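S.K.:
There are 2 protein chains.
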Amino acid sequence: MQTILYAIPAFGLVALLYTAIKSAWVTKQDAGDEKMSTIARYIAEGAMAFLKAEYKVLTYFAIIASIFLFYLGYVGEKSSPIIVGAFLIGCIFSALAGFIGMRIATKANVRTAQAAKTSLSRALNVSFTGGAVMGMGVAGLAVLGLGSLFIAFYYWFVQRSGASASSEEMEIALEVLTGFSLGAESIALFARVGGGIYTKAADVGADLVGKVEAGIPEDDPRNPATIADNVGDNVGDVAGMGADLFGSYVATILATMVLGREITVTDNFGGLSPIILPMLIAGLGIIFSMIGTLFVRVSEGGNVQAALNMGNWSSVALTAIASYFVIDWLMPETLNLRGYEFTSMGIFWAVIIGLIVGTLISIITEYYTAMGKKPVMSIVQQSSTGAATNIISGLSVGMMSTALPIIVLAAGIVFSYSVAGLYGVAIAAAGMMATTAMQLAIDAFGPIADNAGGIAEMSELPKEVRERTDILDAVGNTTAATGKGFAIASAALTSLALFAAFVGISGISTIDLYKAPVLAGLFIGGMIPFVFSALAISAVGRAAMAMVQEVRRQFREIPGIMEGTGKPEYDKCVAISTKAAIREMMLPGAIALIVPLLVGFGLKGVFEEVSSAEILGGVLAGVTVAGVLMAIFQSNAGGAWDNAKKSFEKGVMINGVMEYKGSEPHKASVTGDTVGDPFKDTSGPSMNILIKLMSIVSLVIAPHIAVRETPPPAPETRPDLEGAIQRVEKAAPAATAQYPVPAKQVN
Amino acid sequence: MQTILYAIPAFGLVALLYTAIKSAWVTKQDAGDEKMSTIARYIAEGAMAFLKAEYKVLTYFAIIASIFLFYLGYVGEKSSPIIVGAFLIGCIFSALAGFIGMRIATKANVRTAQAAKTSLSRALNVSFTGGAVMGMGVAGLAVLGLGSLFIAFYYWFVQRSGASASSEEMEIALEVLTGFSLGAESIALFARVGGGIYTKAADVGADLVGKVEAGIPEDDPRNPATIADNVGDNVGDVAGMGADLFGSYVATILATMVLGREITVTDNFGGLSPIILPMLIAGLGIIFSMIGTLFVRVSEGGNVQAALNMGNWSSVALTAIASYFVIDWLMPETLNLRGYEFTSMGIFWAVIIGLIVGTLISIITEYYTAMGKKPVMSIVQQSSTGAATNIISGLSVGMMSTALPIIVLAAGIVFSYSVAGLYGVAIAAAGMMATTAMQLAIDAFGPIADNAGGIAEMSELPKEVRERTDILDAVGNTTAATGKGFAIASAALTSLALFAAFVGISGISTIDLYKAPVLAGLFIGGMIPFVFSALAISAVGRAAMAMVQEVRRQFREIPGIMEGTGKPEYDKCVAISTKAAIREMMLPGAIALIVPLLVGFGLKGVFEEVSSAEILGGVLAGVTVAGVLMAIFQSNAGGAWDNAKKSFEKGVMINGVMEYKGSEPHKASVTGDTVGDPFKDTSGPSMNILIKLMSIVSLVIAPHIAVRETPPPAPETRPDLEGAIQRVEKAAPAATAQYPVPAKQVN
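Those protein sequences? They're chains A and B, same order as listed.
Residue numbers for the first sequence follow numbering that gives the first Met the number 0, beginning at 0 and rising by one.
Residue numbers for the second sequence follow numbering that gives the first Met the number 0, beginning at 0 and rising by one.
1) Please report how far the alpha carbon of A/Val375 lies from the alpha carbon of A/Gln304, in whole angstroms.
2) For B/Pro8, which residues from the same chain have a beta carbon less than 8 Å from its beta carbon, with the 5 sequence-adjacent residues on both sides left out?
3) Mind listing, in chain order, the continuous beta strand (DSSP E) runs of no fewer than 3 residues lying wholly within the segment 354–432 of chain B?
4) So, at 6 Å on beta carbons, what are the nonlocal neighbours of B/Ala162 in its own chain, with the 5 sequence-adjacent residues on each side left out?
5) Which of the three DSSP states is assigned to B/Met437 in this structure?
6) Output the distance between the C-alpha atoms of B/Phe347 and B/Ile326, rounded to the nearest integer angstrom.
7) Could you pull the DSSP bridge partners for A/Met652 from this structure?
8) At 7 Å on the CB atoms, spell out the chain B contacts of A/Tyr416, in chain order.
9) Taking its Cβ as the centre, do 16 or more other Cβ atoms sit within 10 Å of B/Ile320, making it buried, or is it exposed?
10) A/Met544 versus chain B: which residues are under 9 Å apart at the beta carbon?
11) Of all the residues that make up the segment 233–256 of chain B, which are near chain A by a beta-carbon distance shorter than 8 Å?
12) Apart from the five residues just before and just after A/Met278, which ones in its own chain have a Cβ nearer than 8 Å to its Cβ?
13) If I'm right that A/Ser180 touches A/Gly84 with Cβ under 8 Å, what's the distance once you round it to whole angstroms?
14) Using 8 Å as the Cβ pair cut-off and three pairs as the minimum, do the segment 239–253 of chain A and the segment 184–198 of chain A touch?
15) Straight-line CA distance for A/Val203 to A/Asp232?
16) Spell out the partners DSSP gives A/Asn335 in its beta bridges.
17) Just the C-alpha distance for A/Val696 and B/Ala94, rounded to the nearest angstrom, thanks.
18) Are the segment 630–644 of chain B and the segment 342–359 of chain B touching by the rule of at least three beta carbon pairs closer than 8 Å?
19) In three-state DSSP terms, what is B/Asp511?
20) Could you give the distance in angstroms between the alpha-carbon of A/Val474 and the alpha-carbon of A/Thr128?
21) Which runs of the alpha helix (DSSP H) spanning at least 4 residues fall entirely within the segment 433–509 of chain B, listed in chain order?
22) Does DSSP put B/Ile215 in a helix, a strand or coil?
23) Express the C-alpha separation of B/Ala701 and A/Pro718 in angstroms, rounding to a whole number.
24) Give me the subset of the segment 293–325 of chain A whose CB atoms are less than 8 Å from a CB atom of chain B, sorted by chain position.
25) Use the C-beta contact count for A/Ser417: other C-beta atoms within 10 angstroms, 16 or more gives buried, fewer gives exposed.
26) At a CB-CB cut-off below 7 Å, which residues of chain A make contact with B/Gly525?
27) Could you tell me the alpha carbon to alpha carbon distance between B/Met585 and A/Arg260, rounded to whole angstroms?
28) Of all the CB atoms in chain A, is at least one closer than 9 Å to the CB of B/Leu497?
29) What did DSSP end up calling A/Glu715 once you bin it into helix, strand or coil?
30) Between A/Gly161 and chain B, is any beta-carbon pair separated by less than 9 Å?
31) With H, G and I counted as helix, E and B as strand and the rest as coil, what does DSSP make of B/Ile724?
32) Can the beta-carbon of A/Ala515 be found closer than 9 Å to that of B/Val413?
33) Only counting runs of 4 or more residues, tell me where the alpha helix (DSSP H) segments fall wholly within the segment 194–273 of chain B, in order along the chain.
34) Do A/Val550 and A/Pro220 count as a contact pair if the criterion is CB distance below 9 Å?
35) Can you tell me which of the three DSSP states B/Asn516 falls into?
36) Mind pulling the chain B residues with CB within less than 7 Å of A/Leu408?
Given below as C-alpha cells:
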C-alpha cells in the first residue's frame, strides 16, 4: 500500500523532470537576430514585471489569510492549524506554475518566430514544446504537491493514531489538505482576473488608438502599447489559463478524495482506494499526456489542427483505457456513499461520462465561435446594418449558446450520479481533468504562436515567417475557444464535486429551496457572477481609457514616433496595465473570498429552522448556476464576435456583395470584437475561478459552521433508535418511505 | 360571510364603472384638426390590426390548450374539466384588458396633443385619465373575474358538499380557479413578447434608415415606418405592460389563496379568511387607487413627476392603513401554515414589506437609469472613445444594477417569511400588487404622452405643443423605468408565491439541491431565460432587418417621398411588424409552456429517489433566479443606454468639452441605445412573464404529477406512528431534532 502512495508524487516528479528537459531544449533553440531578441526581452521583462508586482501583493494576501486560517484551525474541533502550511504551499506552487509557464512562453515565442524562418514543422515543434513544458509543469506540481502532502498528513493525523481510512482523523487530514487547494485557487483567481484585465486593457487601448485612430496595423512597433499587448497575451492567456486549470485540477482531485473518505470499503489498500483513486488517475493522465505529445507532428503544408487533435485524442483514449484497469484492480466491487450503492464499473463509466461531457462542450463551443458556421455568419450578416445590429446578434448568439452545454452538463450530472452517486459526479470531473497536461499544452501553444507572429511583425521578418505563424495562430484561436469550453465544463463539474464535499463536511442533509432563507441565498448567489462580471468589465474599460490617453500622449509628444525615428516608451504602457490589473483585481477577489465567510459565519444561528451551512449551500448553487451560464454566454459571445471580425479578412458575401477588411460592415464588426474582448478574456473566464473559489472557501470553513455541534451519540449507544425506526416503519410504511431517516445518521 | 364574498366582484364592477365613465370623458375631448385625426386613425387602425391578428392566432392556441386541459381535468383525481371554463374566461378577460387599454390609449394620444395646445395641466389630465382607464379596467376585470369565479367554484365544489374551507374539495376549487390565471398569463406572454418584438422592430427599423441613413428626425411623416413605430408604443408599452401586470395581479392573488387554503382557522367567515384576504386587499387597492387619481393635478409649469408621485403615494399609504384594519377584523390572531406559526399582525407586516420591496426596487431602478446619476454618466463619459466603450459600460451598468434589487428581494423573502411563513411571502406580493391600478395608470400615461408628441410632430403643430408633450414624455421615461422595476419585483414575488403553492399542491416536502436530478433541473431552468432572451433579441434583429429593407425600398421607389409630395405606404410597414411579431412570439411562448410539461410528465417515475415534481421545482427555481437577474440586467442596461443618449440633447461635459447631439460621442450613444432597445422593451420585460407562466403551468399540472399517489393513511389510523416517533425522540433527541418528520404528514 505504501508503494502506491509513493507512486503518486513520483508521477509528479516525472512530469517535472520532463518539464526541465524540454525547457532546456527550448532555451537551446536559436533566438534569432538582435532586433528579435530585443523585442522578446521587452516582452519577457514586461511579463516578469507584472508577475513580480502581482506576487508582491499576493504575499500580503497570503499572510493575512494565513493568520485567519491559523486561528480557524486552532479553535476548530475538526481542524488543525497545519492547514496554514498546506495553504502556503498551495500558494507557492500555484505561483510557481504561473512563473514556469510565463518564463517558457516568453522564451518559446521568439524561438518559434526564428524557427518559422525554416519550416512550419519546426515552428510547431518549438511552440508546442513550450506549451507542453507549461502543461507538464502545472500537472506535475499539482500531483507532487497533493501526493506528498497527503502522505505527510495521512502519516501525521491518521496512521500515527492507528485510525481507519474513513475515520474522523482522516476527515481532518483531508480538511487540512483543502488548504492546498485554497492556496492554489486564491492565487489563480488573482492571476486570472488580474491577467484578464491586463491583457484587455492593453489590447483595447492599443487597438482604439493604433488601429482605429492612427490607422497603423496590429503589432506595429510604432504603437507604444504594442509591447504591453504582447505581454498581455502571456499574462492573461498563459499564466491566467495555467493558474485556472491548476486550480481546477487540484480542486477536482481533492473534492473526490473528500467524498471518497465517506465511503467505507474493505480493499487491499487499507480502505484507502476511494481516496487515492483520483490522484492515481491524474498520475496516469500525466504519463499518457507525455506519450500524446509524441503524436503532435506536422510536415510543411500539413494540418496543424489534426496534429494537435491526434495528440489530444491519443492521450484521452489511453487514459480512459488505463483507468479501466486501475479501477478494476484498485476498487472493491461494490461501494456505498451516503446510502447510494454503486459498483466499481460504475466509477469507470463516470470517468467516461466526464470525458464525453468535456469533449461535447468543447465541440459545441467551437461550433458557436468558429468561422464559417451559422452563429458567426449570422453576426457577419447583421454587421451590414451597423455596429448596433452586430452587437445585438452577438449577444443573442452568446445567450443562445448556453443551451446545449447546459443540457450536456445536466445530463452528465444525472448520468454520473446514477452510475456512481455523488462520487461519480466528482470522478467524472477528475476523469475530464486527467489529461489537463495535454489540454494546457494545446492551450498555451496558441498565445506562444500569437506572440511569435507579433515578434515577426515587429522585427520585420520575411513574409513567409508571418504566414507560418499565422497558420499556427489561426489554429490557436480554435484551440483557445475549445480550451475555454473545457475550462468551463471542468469548473462546473469541479464546483459540483466541491459542493457535494461541502454538504458532507458541513453535516447538512439537504439544501432545501423550500426554506425561504435558502431560496434567498440562491438569489444572492446568482447575483454574484453578474456583479463580478460588471466589476471586471468596467475595470477593463477604465484601464483601457488610461491606456488610450497614454498612447495618444506619446503620439503627440514624442517627435518622429510615427515615422519610426522616435522610440515609443513601451514601459509606460506596461506600467499602466500592470498597475490597473493589480488595483482592479482586489474588489472582485475580495467578494469571492468574503461572501462565503459572511454567509457561513454571519448567519450562524440566526435562523432557528435553517443552518447557515444550508443557506451557504443555496448561495453556492446560485453562484454555480449563474456563473456557468455567464461564463458560457460571455466567452462564446466574445469568441463569435472575434471570428465574425476575422471573417472579413478573407472576404464574406453579404446581400450578394463581397465585403472585405476596411468596408463598413467590417468596421461594425471591429466594434463588436472590442466589446467581446473583456467578455471572452476577462469576465467570462473569471467565472470559472469565482465558482470554484467560493466552493473551496466554503469547504474550508465547513467544519466550523457544521450543524452537528452536539455530535450524535455513537452507534453502539443507540440500539433503541434503530428499534424505534423499525417500529415506525411497520406502523406507517408510507410515511417513513417518504421521509427516510438518512442512513449515515444511523450507522 | 356571503356579503363579504359578494363584495369582491362588486369592487371589480365599481372599477369597470369608473373605466366606462372616464373612457366616455376621454372620447368626448376634442380630437383636433383633420390631419391629427387622420394620423391618429392610422395609429389606431394599425394597433387594432395587430390585436386582431394576434387574437386570431391566440384563438387557435386557446382551443388546443383547452383540449389538453379538459383531458387533464377529466383524468385527474383532484381536478375537474371545469378548469377549461376558467381558462377560457382568463384568456378572454386578458384579451379584453389589452383591448380596453389599446383603445383608450389610441384615443387619448391625439386628444392629449390637442389639449397640449391649451395647457400642460389639461394635457396631463387627458393623458393620465387615459392611463387610469387602462389601470382600472385591468384591475376591475381581474377582481371581477377572480371574485365571481371563486364564488361559483366555491358553491359548486365546496358548499354543495358541505366541505370545509381547508378541505380537499376547496383544493379542487382553487385548482380549477388556477385555470383563470393560466389563461391570463398565457395571453400576457404572447402580448408581451409579440408586442415587444413589434415595437422594437418598428423602432429600430425606423431609426436605422430614417435617422441614421436619411437624416430625417424622429416621427417625421416622410418615414414610412413612423406609424408602425407609434403603433408599437401602444402595442408594446400599453397592451404588453397591461397584460403583464394583469397576469401578475391575478397570479399573486391566486397563489396566496392556494396557500391560504392550507391554513386551518376558526374565524367568523367559515374558515375562509386566509383565502379571501388577498382578494379583499386587491379590492381595497382599487378603491384607494381611484382616490389617488384625484391627487394627480398640475398647474402650468408645475412638477408633473411630483403630481404622479402624490397620486401613487396616497393610494399606497391609504391601502396600507386600510389593510391593517381589514386584517385585524378578518383574521384570527394566530395562524399556522405547514408547521410555521404566525400572527395576524405578521400578515400586516408582510403587506408592508411587500410595499417597501416594490418601492425600493423602483427607486434603485430609477437610480441606475436616470439622467445625471452616476451610472448613466459613466456611459456618457465612455461614449467619448466610441461605440464599443459605450456598449461595454452599458453592459457593465446593467450587470452591476442587479446587486441592490436582489439584496432587497432576498431580504424581503426572509423578512416576510419570518413574520408570516410562506403565506407572508405571498401576501407581500399581494400587498405590492394591491395598487396595480394606480401603477398601470402611471405606466400607461407615458406612451400616451409619447404618442401625443409623435402626433404633434407629424401634424406639424406649434412648437409649444411639442414642448408640453415633451415634458410629459420625459416624466413618462422615468415612470417607464420605475414601472419596469415594479413589474420585475412583482413578478419575482409572484413567482415565489406560485412556487410555494406548487410545493403544497404537488405534495413534495423538499426541493433538495443535494439530489443530482434536482441540481440538473436548476441548471436547465437557469438556462431558459438566456435562450428565451436570445430568441426575443434575434427576432427583433430579423424583423428590424425586414423593416429596414422595406423603408429603403419605399425611399427608393416612391417618387417625391423625401420632398413630402409622395405618400409613404405606412400600412406595409405596419404589416411587416405585425407579421414578424406574430411569427416570432411562437417559439419562446412554446418553450415557456412546454418545458414544465416535459419535466413534470416526462420525468415522472424515471428516478427512484426523486419525484418529477421535485425536479420541476428545481427547474422553476433556476428559471426564477436567472429570469429575475436577466430581467434586471437587460431592462436597466437598456434604460441606461437610452438616457445616456438623451443626455446629449441638453449637452454633456466630457473631458472638459461640451458635447451635443450630432457629436461623435452622441453617435456612439445612439448605437448603445439601439442595442438597448430590444433589451429593455423585448427580452427584458418578457422575463417577467416567462417566470410567472412557467410557475403557473407547473401549478396547473401539480395535482397530476403529485408524489402522493398512494395517499398516506388518515390520521386516526396512525396512533402507532405518533407513539413510535415519541419513542424515537426519547431515544435519540439529537437525531430527530435534525430530521423532524414534517408536521403536516402527522396531523
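C-beta atoms are modelled at their ideal positions from N, C-alpha and C, and glycine is treated no differently.
All values derive from a computational prediction rather than experimental measurement.
M.R.: By the coordinates alone:
1) Looking up residue 375 of chain A in the first sequence gives position 376. Looking up residue 304 of chain A in the first sequence gives position 305. Taken atom to atom, the span from the alpha-carbon of A/Val375 to that of A/Gln304 is near 20 Å.
2) Here the question's residue 8 of chain B lines up with position 9 in the second sequence. Taken in chain order, the residues that qualify are Val142, Leu143, Gly146, Ser147 and Ile150.
3) Runs found: none.
4) Residue numbering aside, residue 162 of chain B sits at position 163 when the second sequence is read from its first letter. Closer than 6 Å at the Cβ level, and outside the excluded window around B/Ala162, lie Glu168.
5) For the purposes of this step, residue 437 of chain B is taken as residue 438 along the second sequence, with counting starting at 1. DSSP places B/Met437 within a helical segment (H, G or I) once states are collapsed to three.
6) By one-based count along the second sequence, residue 347 of chain B stands at place 348. By one-based count along the second sequence, residue 326 of chain B stands at place 327. A direct Cα-to-Cα measurement between B/Phe347 and B/Ile326 gives close to 7 Å.
7) Residue 652 of chain A sits at position 653 when you count from the first residue of the first sequence. When DSSP reads this structure, A/Met652 sits in a beta bridge with A/Met657.
8) Numbered from 1 along the first sequence, position 417 holds the residue referred to as residue 416 of chain A. Near A/Tyr416 (Cβ distances below 7 Å), the residues of chain B are Ala515.
9) Along the second sequence, read from residue 1 onward, the residue named residue 320 of chain B stands at position 321. The C-beta of B/Ile320 has fewer than 16 other C-beta atoms within 10 Å across all chains shown, which makes the residue exposed.
10) Here residue 544 of chain A corresponds to residue number 545 of the first sequence, with the count starting at 1. Result: Gln380, Gln381, Ser383, Thr384 and Thr388.
11) From the segment 233–256 of chain B, no residue has a Cβ closer than 8 Å to chain A.
12) Taking the first sequence and counting its residues from 1, one reaches residue 278 of chain A at position 279. Contacts found: Ile7, Val142, Leu145, Gly146, Phe149, Ile252 and Met256.
13) Taking the first residue of the first sequence as position 1, residue 180 of chain A is located at position 181. Taking the first residue of the first sequence as position 1, residue 84 of chain A is located at position 85. 14 Å between Cβ atoms; not a contact.
14) Counting Cβ pairs under 8 Å, three or more are found: they touch.
15) Mapped onto the first sequence, residue 203 of chain A falls at position 204. Mapped onto the first sequence, residue 232 of chain A falls at position 233. Taking the straight line from one Cα to the other gives about 13 Å.
16) Numbered from 1 along the first sequence, position 336 holds the residue referred to as residue 335 of chain A. Residue pairing from DSSP places A/Asn335 in a beta bridge opposite A/Glu340.
17) Locating residue 696 of chain A in the first sequence gives position 697, counting from the first residue. Locating residue 94 of chain B in the second sequence gives position 95, counting from the first residue. So the two alpha carbons sit approximately 52 Å from each other.
18) By the criterion of at least three beta-carbon pairs nearer than 8 Å, the segment 630–644 of chain B is not in contact with the segment 342–359 of chain B.
19) Your numbering for residue 511 of chain B matches position 512 in the second sequence. In the structure shown, the three-state DSSP call for B/Asp511 is strand.
20) For the purposes of this step, residue 474 of chain A is taken as residue 475 along the first sequence, with counting starting at 1. For the purposes of this step, residue 128 of chain A is taken as residue 129 along the first sequence, with counting starting at 1. Looking at the two C-alpha atoms, the distance is approximately 16 Å.
21) Fully enclosed alpha helix (DSSP H) runs of no fewer than 4 residues occupy 435–457 and 462–505 of the segment 433–509 of chain B, in order along the chain.
22) Within the second sequence, residue 215 of chain B is the residue found at index 216, counting from 1. Coil, per DSSP.
23) By 1-based counting over the first sequence, the position of residue 718 of chain A is 719. By 1-based counting over the second sequence, the position of residue 701 of chain B is 702. Since pLDDT at A/Pro718 reaches only 42, below the 50 mark, its modelled position is unreliable, and the value read off the structure follows with that caveat. Straight through space, the alpha carbons of B/Ala701 and A/Pro718 are spaced by roughly 40 Å.
24) Under the 8 Å Cβ criterion, the segment 293–325 of chain A contributes no residue.
25) Numbered from its first residue, the first sequence carries residue 417 of chain A at position 418. A/Ser417 should be labelled buried.
26) Here residue 525 of chain B refers to the residue found at position 526 of the second sequence. Within 7 Å Cβ-Cβ: Val624, Ala625 and Leu628.
27) Walking along the second sequence from the start, residue 585 of chain B turns up at place 586. Walking along the first sequence from the start, residue 260 of chain A turns up at place 261. In a straight line, the C-alpha of B/Met585 is about 51 Å away from that of A/Arg260.
28) Mapped onto the second sequence, residue 497 of chain B falls at position 498. Closer than 9 Å: no.
29) Along the first sequence, one-based indexing puts residue 715 of chain A at 716. Because the pLDDT at A/Glu715 is just 44, under 50, the model does not fix this residue reliably, and the point stays unresolved.
30) Taking the first residue of the first sequence as 1, we reach residue 161 of chain A at position 162. Cβ-Cβ to chain B under 9 Å: no for A/Gly161.
31) As a working mapping, residue 724 of chain B is identified with position 725 in the second sequence. Bear in mind that a pLDDT of 47 at B/Ile724, under 50, signals an unreliable position, so the number given afterwards is only what the model happens to contain. In the three-state reduction of the DSSP assignment, B/Ile724 falls in the helix class, which pools H, G and I.
32) In the first sequence, the residue the question calls residue 515 of chain A occupies position 516. In the second sequence, the residue the question calls residue 413 of chain B occupies position 414. Against a cut-off of 9 Å, the Cβ pair of B/Val413 and A/Ala515 comes out as a contact.
33) Secondary structure in the segment 194–273 of chain B: the alpha helix (DSSP H) runs of 4 residues or longer, each lying completely within the stretch, are 225–231 and 240–260 in chain order.
34) The count along the first sequence starts at 1 and reaches residue 220 of chain A at position 221. The count along the first sequence starts at 1 and reaches residue 550 of chain A at position 551. In this structure, A/Pro220 keeps its C-beta atom at 9 Å or more from the C-beta atom of A/Val550.
35) Here residue 516 of chain B refers to the residue found at position 517 of the second sequence. Reading off the sequence, residue 516 of chain B comes out as Pro, not Asn. B/Pro516 falls in the helix class under three-state DSSP.
36) Along the first sequence, one-based indexing puts residue 408 of chain A at 409. For A/Leu408, the neighbours in chain B by C-beta distance under 7 Å run, in chain order, Phe522.
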